[in-house]
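Heads up: the structure comes next, in structure tokens.
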Amino acid sequence: MNALRIWFKQSKIHGLIGLIAVVFALQSSLEVFGWLWGLSLEETILNWFSLRNDFPGGFLQPWTLLTHGFLHHGLFHVVFNAAMLWYAGGLLATFWKTDRVVWLFLTGIVAGGLAFWSVSPVMGTVVVVGASGGIYALLVVAALTAPGMRIRLFFSVSINLQTLVMVLLAVSFIAIVAGSNVGGNVAHLGGALWAYVVFHRPEWLPDTLPNLPRKKKRRSGIHQASRRHVKLQGSVDQRLDAILEKIHAHGMESLTEAEKAYLSSYGNKQ
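The working numbering numbers the first residue of the sequence shown as 707 and each following residue consecutively.
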């Protein structure tokens, strides 16, 4: 248990995965409790926190644009989304500050929800849960940032990340046309569209998250450390920009081992 707690504290992306796991455990426990005692707790949870398109009820609960991303339908659903968050979020954190990655994930969920609401007049009553809008947002920005990157799917089979994302988007589009899980797949495309916009306008996303108030600790030498940080920050940013420009022009494979190590260490510090 202690090792698990340490893992969740490694980064804010790990913390998000932990939050999703805790919410799923609570959701499942309440559903089982309701089933045992004949209470409609599952329906209550969905009514208050899932994304619905029934008019006007669903549209009078704007918080569900975000909360639906932390509810999941079954173990496979939550494990798949958590795994994709860990992979795509960790990959993008190599290029972006971790806080901005978290903002992209959260706003991707909201964008997916808005896309779902926008097409609701042509659908029947639908309930949507899951973080897929945020996951697709992470994948699309990662693919646009490092178009030449290849990822290993299993064993020795690898695929270009940009190709994989295009296949996933095509599958979602085909599923919508076929009438399969229309609400969820519209949310996928909504998150992807938002990601495309943010990739070209990254300044639209904050690069810091609000900090919870903490007890101040006295540390010796903190002013000297701050001054050193200011002096070093300029050269760090210049080197990072140069590496990112190289990736844009020639792909991830063009980097030297030293540049890859620098990117990895930069991402771990965020």
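Built from N, CA and C at the ideal position, the CB exists for glycine as well.
Cβ neighbours of residue i in the same chain (closer than 7 Å, five flanking residues each side left out)
i, result
"Lys-966", "none"
"Val-834", "Ser-756, Leu-757, His-774, Phe-822, Gly-889, Gly-890, Ala-893"
"Ala-881", "Asn-887, Asn-891"
"Phe-730", "His-778, Val-784"
"Trp-713", "His-720"
"Val-816", "Leu-771, Leu-772"
"Glu-748", "Glu-737, Gly-740"
Bounding residues of the alpha helix (DSSP H) (the contiguous stretch that carries residue i)
i, result
"Arg-806", "804 to 824"
"Ser-735", "718 to 743"
"Trp-713", "708 to 714"
"His-783", "781 to 798"
"Thr-773", "770 to 773"
Rounded straight-line distance, which links the Cα of residue j to that of residue i
i, j, result
"Gln-767", "Lys-952", "45 Å"
"Val-883", "Leu-946", "42 Å"
"Ala-709", "Ser-864", "31 Å"
"Leu-771", "Ile-949", "36 Å"
"Leu-875", "Ile-723", "23 Å"
"Ser-969", "Thr-800", "Reading the sequence as shown, one finds Leu at residue 969 and not Ser. When rounded, the distance between both Cα atoms is 6 Å."
"Val-807", "Phe-761", "33 Å"
"Trp-743", "Leu-845", "42 Å"
"Gly-780", "Ala-848", "27 Å"
"Arg-858", "Tyr-793", "12 Å"
"Leu-915", "Phe-905", "19 Å"
"Gly-721", "Gly-814", "18 Å"
"Met-855", "Phe-776", "29 Å"
"Leu-725", "Val-825", "30 Å"
"Gln-716", "Met-790", "17 Å"
"Val-871", "Leu-797", "14 Å"
"Phe-879", "Val-873", "10 Å"
"Asn-866", "Gly-830", "37 Å"
"Gly-795", "Val-828", "33 Å"
"Phe-765", "Gly-839", "18 Å"
"Leu-961", "Gly-763", "52 Å"
"Leu-820", "Trp-900", "11 Å"
Nonlocal neighbours in the same chain, by C-beta distance under 6 Å from residue i, ignoring five residues either side
i, result
"Tyr-842", "His-894, Gly-897, Ala-898"
"Lys-718", "Thr-804, Val-808"
"Val-832", "Asn-759, Gly-889"
"Arg-933", "With a pLDDT of only 42 at Arg-933, under the threshold of 50, the placement of this residue in the model should not be trusted, and no figure is reported."
"Trp-754", "none"
Range of the contiguous beta strand (DSSP E) that encloses residue i
i, result
"Arg-858", "856 to 860"
"Asn-759", "Unbroken run through Asn-759: none, as it is neither H nor E."
Sheet register partners of residue i (DSSP bridge)
i, result
"Val-834", "Leu-757"
"Ser-864", "Arg-858"
Spatial neighbours of residue i in its chain, beta-carbon cut-off 8 Å, leaving aside the 5 residues before and after
i, result
"Leu-745", "Phe-739"
"Leu-911", "Arg-806, Trp-809, Leu-810, Thr-813, Val-904"
"Ile-751", "Gln-733, Leu-736, Glu-737, Leu-777"
"Leu-938", "Per-residue confidence for Leu-938 stands at a pLDDT of 43, beneath the threshold of 50, marking its modelled position as unreliable; the derived number appears in the next sentence. No residues qualify anywhere along the chain."
**Asked** Enumerated in chain order, which unbroken segments of the alpha helix (DSSP H) with a length of 4 residues or greater are wholly contained in the stretch 863 to 899?
**Response** Positions of the alpha helix (DSSP H) runs, each at least 4 residues long and wholly inside the stretch 863 to 899, are given as 867 to 884 in order along the chain.
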